[in-house]
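Heads up: the sequence shown begins at 1 in the UniProt record's numbering, then just goes up one per residue. What follows is a single structure, written as structure tokens, with notes after it.
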Amino acid sequence: MRGNSHARCGAGENPTITSRDYLSLFLCFDSSLDTETFCKEKCAIFIVLPEEDNTKYFMVSLFLQQLYREMLTVADEYGGKLPNRIMIFADEIGTIPKIQSMEMMFSAGRSRRISMVPIIQSFAQLEKNYGKEGSAIIIDNCQDILFGGFAPNSESADILSRALGNKTVMSGSISRGKNDPSQSLQMIQRPLMTPDELKTLPKGNFILAKTGCCPMRTKLPLFLKWGIQFEKPYVVDERAARKVHYADRFELEQEILQRGCAYEEDDFAEFPEPPGGDRSGGSLHTPVQIHEPEPPAMPLRTD
């Protein structure tokens, strides 16, 4: 294809570059991207496409398919698993055309240490591209689901409300007649969070559902508030498990006494001692003279 283009240019004709020409250049020419290096070292690949031109969206599907096949080959060389876990954040996956074999990527990729993170706005997007069965396979293979920020008329809130399950609450009723007031209490079942409660979640609040765990409500600030800056490392406090040291009763008593003395010295250091005064505070005064009682006199002998 490249030779034909140059030949047409040499003949004075204007070649028409179509998507097929771009595709041949993309597939046939070498690039700096090495899948084996990508699986071994720390690196990231960003795929950015223009939103106004959807004619190039198929390249995302083609790139992911080719990369997935190469990663499977690398995984076979390491006994069926990649040396490092690969995270694929498929943002706006519901707006791009269907990716071939996406269901297999979700179901079989996890055992190869390949994690897929689809980011969508509605379940209807998956059903539109992958059909009812394909979207169900993708959803069932997602072990962690984070959702929030629903639109007022969102149907996804109804689906997720049913997925959260139910809880048991106490309900009561009171009826009053002229001479016969009555009260009844009973246990009823209600959704853990109703669709209306999901739709009215405050901004920044999300629900996290994880396999084998109860759902959790959490608050996640925007990444701009995390203190992350470009071209600067983001340091996280170390919370690794440390070795536990044991002490006997004597060592604990000595440590308590030493820390107590240190705290007392720090407290006294905050208040400087006035000249000629004491540490108790207040104004100076004449020391009070304490008179000790005299011993009683011995009685005189009369015999």
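In this text, a Cβ means the ideal position worked out from N, Cα and C, and glycines have one as well.
Residue i burial status per 10 Å Cβ neighbour count (16 or more: buried)
i: Ala-151; result: exposed
i: Tyr-68; result: buried
i: Arg-112; result: buried
i: Gly-94; result: buried
i: Phe-106; result: buried
i: Glu-103; result: buried
i: Cys-39; result: buried
i: Leu-160; result: buried
i: Met-187; result: exposed
i: Ile-174; result: exposed
i: Ile-47; result: exposed
i: Ile-138; result: buried
i: Leu-64; result: buried
i: Met-157; result: Met is not the amino acid found at residue 157; the sequence shown has Ala there. Label assigned to Ala-157: buried.
Straight-line gap, residue i to residue j (C-alpha atoms, nearest Å)
i: Cys-142; j: Gly-149; result: 19 Å
i: Asn-129; j: Gln-66; result: 20 Å
i: Leu-198; j: Arg-259; result: 50 Å
i: Gly-165; j: Thr-35; result: 42 Å
i: Arg-176; j: Leu-126; result: 53 Å
i: Phe-230; j: Pro-195; result: 39 Å
i: Ala-44; j: Leu-82; result: 16 Å
i: Asn-54; j: Ile-96; result: 8 Å
i: Ile-256; j: Lys-42; result: 47 Å
i: Gln-183; j: Gly-172; result: 7 Å
i: Gln-100; j: Gly-79; result: 26 Å
i: Met-87; j: Gln-189; result: 39 Å
i: Met-216; j: Arg-162; result: 15 Å
i: Ala-136; j: Ser-122; result: 13 Å
i: Glu-253; j: His-245; result: 16 Å
i: Val-235; j: Lys-203; result: 27 Å
i: Ile-228; j: Ala-108; result: 34 Å
i: Thr-218; j: Asn-205; result: 6 Å
i: Glu-251; j: Thr-211; result: 45 Å
i: Leu-33; j: Val-60; result: 15 Å
i: Lys-223; j: Thr-37; result: Correcting the residue identity first, residue 223 is Phe in this sequence and not Lys. Taking the straight line from one Cα to the other gives about 29 Å.
i: Lys-56; j: Lys-243; result: 55 Å
i: Pro-181; j: Leu-220; result: 49 Å
i: Glu-70; j: Asn-153; result: 42 Å
i: Asp-248; j: Glu-77; result: 53 Å
i: Glu-238; j: Phe-147; result: 28 Å
i: Pro-233; j: Trp-226; result: 12 Å
i: Leu-201; j: Cys-214; result: 18 Å
For residue i, three-class secondary structure by DSSP
i: Lys-232; result: coil
i: Lys-132; result: helix
i: Lys-199; result: helix
i: Lys-243; result: coil
i: Ile-138; result: helix
i: Lys-98; result: coil
i: Thr-217; result: Strictly speaking, residue 217 in this sequence is Arg, with Thr absent from that position. DSSP places Arg-217 in strand when its eight states are reduced to three.
i: Met-193; result: coil
i: Ile-120; result: coil
i: Leu-222; result: coil
i: Pro-15; result: In this prediction, Pro-15 has a pLDDT of 45, which is less than 50 and means its spatial position is unreliable; what the coordinates show is noted afterwards. In this structure, Pro-15 counts as coil in the three-state DSSP scheme.
Supposed contact pair residue j and residue i - C-beta distance, whole angstroms, cut 8 Å
i: Ile-119; j: Glu-92; result: 7 Å
i: Leu-185; j: Met-170; result: 6 Å
i: Val-117; j: Ala-90; result: 6 Å
i: Ala-209; j: Ile-145; result: 5 Å
Proximity test, residue i beta-carbon vs the ligand ZN heavy atom, cut-off 8 Å
i: Gly-94; result: With respect to the ligand ZN, the structure shown offers nothing to examine, as it has no ligands at all.
Counting only runs that start and end within the segment 141-182, where is the beta strand (DSSP E) found for 3 or more residues in a row?
The qualifying runs are 144-147 and 166-175.
Only counting runs of 3 or more residues, tell me where the beta strand (DSSP E) segments fall wholly within the segment 30-95, in order along the chain.
86-91
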